[in-house]
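Throughout the sequence shown, residue numbering follows mature numbering (1 follows the signal peptide of the UniProt record, and there is no 0), covering -31 to -1, 1 to 672 in sequence. The C-beta atom is built at its ideal place from N, Cα and C for all residues, glycine as well. Note that the coordinates shown come from a computational prediction; the quantities given were computed from them, not determined experimentally.
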Amino acid sequence: MTNQTRKMTKNLITLGAAVAVALTPALTGSAAATSARPWMNTALTPEQRAKKLLKVMNLEQKVTLVHGVLTSKGPIPSVGTVKGIPELGIPDFVHSDGPAGVRNGTDPATKFPSPIAYAASWDRSIAALEGRIAGEEAQDLGTDLLYGPGFNIARNPLAGRTFEYYGEDPYLSGIMAAANVRAIQSTGTVATLKHYVANNQETNRMLGSSNVPDRALHEIYMKPFEIAIKYSQPGAVMCSYNAINHEHGCSSYYNLVTNLRDRMGFTGLVVTDYPASWDVTDLKNGLNIEMPGTFRTSLPLVKAALDRGDITMKDLDTRVKETLTVMFRFGLFDKKKDIRPINVERGYQAAQKIAENGAVLLKNKNNALPLNPKTTRKIAVIGDSARLALGGGGSSNVISKKRDNALDEITKRSQGAKVTFNGSLDPLGAANNAKDADVALVFVEKISTELFDNVTLNLKPADENLIKTVAAANKKTIVIINSGNPIAMPWINDVAGVLDMWQPGAAGGSATAALLYGDVNPSGRLPQTFPATDGQWPANTMTQFPGDWIGTDVNYSEGIWVGYRWYQQQNKRPLFPFGYGLSYTTFAYSAPRLAATSGSKSAPVKVTFTITNTGKRTGASAAQVYVGKPKSGLAVPQKELGAFTKVYLQPGESKTVTVTIDPLQLSVWNSKLQKFLVKSGVYKIYIGQNVDNTPLYLTYTVR
Ligand code: BGC
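The structure is reproduced here in structure tokens:
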């Protein structure tokens, strides 16, 4: 795309197709061409254009659009393409992964931090930054649709793809996903919410059934999708491998039509997670595009299904029309691709900013951090991950052209300090260097990847031993965690500081150095509870996770009691609660008030309060508002996240902020009526810095 067409496409997405004709006259061809191909008339809405095109398509052409083929660049598949139909002017529809940057075969793109870091920023603009750059890079690389964001709920912290998702809370996940989607789509790239739904583990991921009680399915697992759809109108949703209550993810009319389309108002296309289609009748049940390798929607199979009456031509037409509408909406018919190298530097800088904003400072005894370069003259850097640019494994693993590492960046930032390095398997050498050092920085890594769940949250015994040995030699030992999952920390009392960098991506080294030296003040907060001990988490029986018969039947018998909701219900104290994180400054919360102390069932609740930076450094607080719903037959959690905002403050500065609680956050799912209902009664409103630290309290009455 040229800059001009790029801008036009952006406008087209932002302003809606109705005005597109004014923006893209040069691209639409002559009036004669438009009369031969009336669907090329950009004055029509995307849906009208799709209808016109559908009218002239024969069966074979329609079937071409209901499945994709694998495409590859170099030895690595660049994921898939729905083949175009040149005689009708239908372009190829190119898809790529994913949530942590564009995975496009061997083409380099920016390797962003693991997406859990976007959620940990609690800052919509950070999720949007990744989305915007990934969307632009997708355009540069010729990709039309990105498979992301991924934001399945972290039901059990051992789940292998925890790094790729947005934590344990439906509201935080849904809102951050919406910010990411809006930004991706502002570039002309289609975003895909994945994996719908209740796709919460890797063990037996293609054959297992997530057996989820109806209330939990809607309140916990569908809710993030519902919020993201409401606030971002995504072009696509990816249906999951797993079955839900024994119905395959891509075969369920209840999930794909009754809930996703009819109840949540989704108007885009549904694409399979690769071989997740089970039958040609999935087309009837809401699936638009089958990606390879199950081949259930080939021409002979579709023909036979039509003959048998298992699907009707109307079903097929509906699905093709939905796909074409998305393609028109995103200007795919109207733009010429302009494939070119990505802007490496811009991507690298964005990756650094995201890593800096998502990192969570978990412990900082006696202000061990930030490091003062004048007094920190000998630094012992320890652990292999100090020399790597880390990300999670699987389909979101991106190849980056420019990447750094913490060892080099700390050395650069140290103003000529003596920096030693010891690998992870050299505890004695490490302790020897640490004992004379002004600070010992121990980097520990936990690998996480698609396909495999973890079996423990403890680090490898060798890493735990490394921490203990180094901490015994140097009181000022700081542990830097590189992991996409929570970590159990039986060694925490031995060390002075803990900084969780997650898997920080291409610019993780610079980000780590900037945070350690206080060039950037840590402001990330946990989007997921960190358990006190290995095993202290919801869904902790074999039947629940990974499920009976090794994941064949995964029983969600914990219901809605997931994440911090479970810790409250069980009265258990985690190591670090949901929403927790430290800063190099301190904040005070005061003066809470409501715009109105009561309202109707559909009224948004406006909550105002003041935050003051009471310390000496510029910093940011993630202000969190929790709701306690009135009891009404169904048990309700004590506190559930209802709103949040991130506030940046100079030392001594105060800001008064107002956040809005969406009535959806006051509601409870009614299984009988199959809808969310807000009850009359008194609601508790808690305001603070994490779920266990909410000093401000108000009540609100729903009439
Ligand atoms: C993953 C998806 C991914 C797809 C294409 C699947 O195995 O579950 O998240 O988008 O592969 O790479």
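In the DSSP annotation of this structure, the continuous segment of the alpha helix (DSSP H) that includes Q154 starts and ends at 139 to 155. For G520, same chain residues with a beta-carbon under 6 Å away, outside a window of 5 residues either side, are T172, N173, G177 in chain order. Contiguous beta strand (DSSP E) elements confined to the region 309 to 381 occur at 329 to 333, 347 to 351, taking only those with 3 or more residues. In this structure, G119 has its CB closer than 7 Å to one or more heavy atoms of ligand 1. Put simply, the region 433 to 444 does not touch the region 306 to 325. Fewer than three CB pairs are less than 8 Å apart. Selection V467, Q593, E609 evaluated against Q537 yields E609 as nearest (Cα-Cα).
The Cβ neighbour count for R672, taken over all protein chains shown within 10 Å, is under 16; the residue is labelled exposed. Looking from the CA of L468, the closest CA among I456, V596, T566 belongs to I456. Residue range 28 to 33 is occupied by the alpha helix (DSSP H) that includes E29. Judged by the Cβ position, G67 qualifies as a neighbour of ligand 1 at the 7 Å threshold, a heavy atom of the ligand being closer than this.
With the rule of 3 Cβ pairs closer than 8 Å, the region 551 to 567 does not count as touching the region 213 to 221. With respect to the C-alpha of I54, the residue from A69, G37, V48, S65 having the closest C-alpha is G37. Under the Cβ criterion (8 Å, minimum of three pairs), the region 498 to 506 counts as touching the region 542 to 558.
Remark: the C-beta of D113 is outside contact range of ligand 1, defined as less than 7 Å to any heavy atom.
Checking the DSSP bridge columns, you'll see D522 partnered with S178, D517. Linking T512 to S526 through their CA atoms gives a straight-line distance of about 9 Å.
Where I449 is concerned, the enclosing beta strand (DSSP E) starts and stops at 446 to 452. For K80, the Cβ stays outside the 7 Å cut-off from all heavy atoms of ligand 1.
Under the rule that a run must span 3 or more residues, the beta strand (DSSP E) segments found entirely inside the region 389 to 456 read 408 to 415, 446 to 452. Leaving aside the five residues that flank E414 on each side, the residues in its chain whose CB is nearer than 6 Å to its CB run, in chain order, S354, N451. According to DSSP, residue pairing for K624 in a beta bridge involves I580. Segment contact: the region 106 to 125 against the region 65 to 72, three or more CB-CB distances shorter than 8 Å; contact assigned. The three-state secondary structure of D66, taken from DSSP, is strand.
Annotation for H217 indicates a beta carbon at 7 Å or more from all heavy atoms of ligand 1. Between ligand 1 and Y135, a heavy atom-to-CB distance of less than 7 Å is absent. Short of 8 Å from the beta carbon of T250, and not among the five residues preceding or following it, lie these beta carbons of its own chain, in chain order: S220, A274, D279, I280. With contacts defined by Cβ atoms closer than 8 Å, Y190 and I122 form a contacting pair.
According to the DSSP assignment, E291 belongs to no beta strand (DSSP E) but to the alpha helix (DSSP H) extending over 282 to 298.
A distance of 8 Å or more separates the beta carbons of K163 and V367. Contact between the region 596 to 606 and the region 130 to 149 is absent: fewer than three C-beta pairs spanning the two stretches fall below 8 Å.
The three-state reading of DSSP puts A482 in helix, counting H, G and I together. By the neighbour-count definition (other C-beta atoms within 10 Å, threshold 16), M207 is a buried residue. For the pair Y116 and Q384, the Cα-to-Cα distance works out to about 42 Å.
For I308, the number of other beta carbons within 10 angstroms of its own is below 16, and it is reported as exposed. Within the chosen limit of 7 Å, ligand 1 reaches the beta carbon of H164 through at least one heavy atom. Excluding its 5 nearest sequence neighbours in each direction, T502 has C-beta neighbours in its own chain below 7 Å: A457, listed in chain order.
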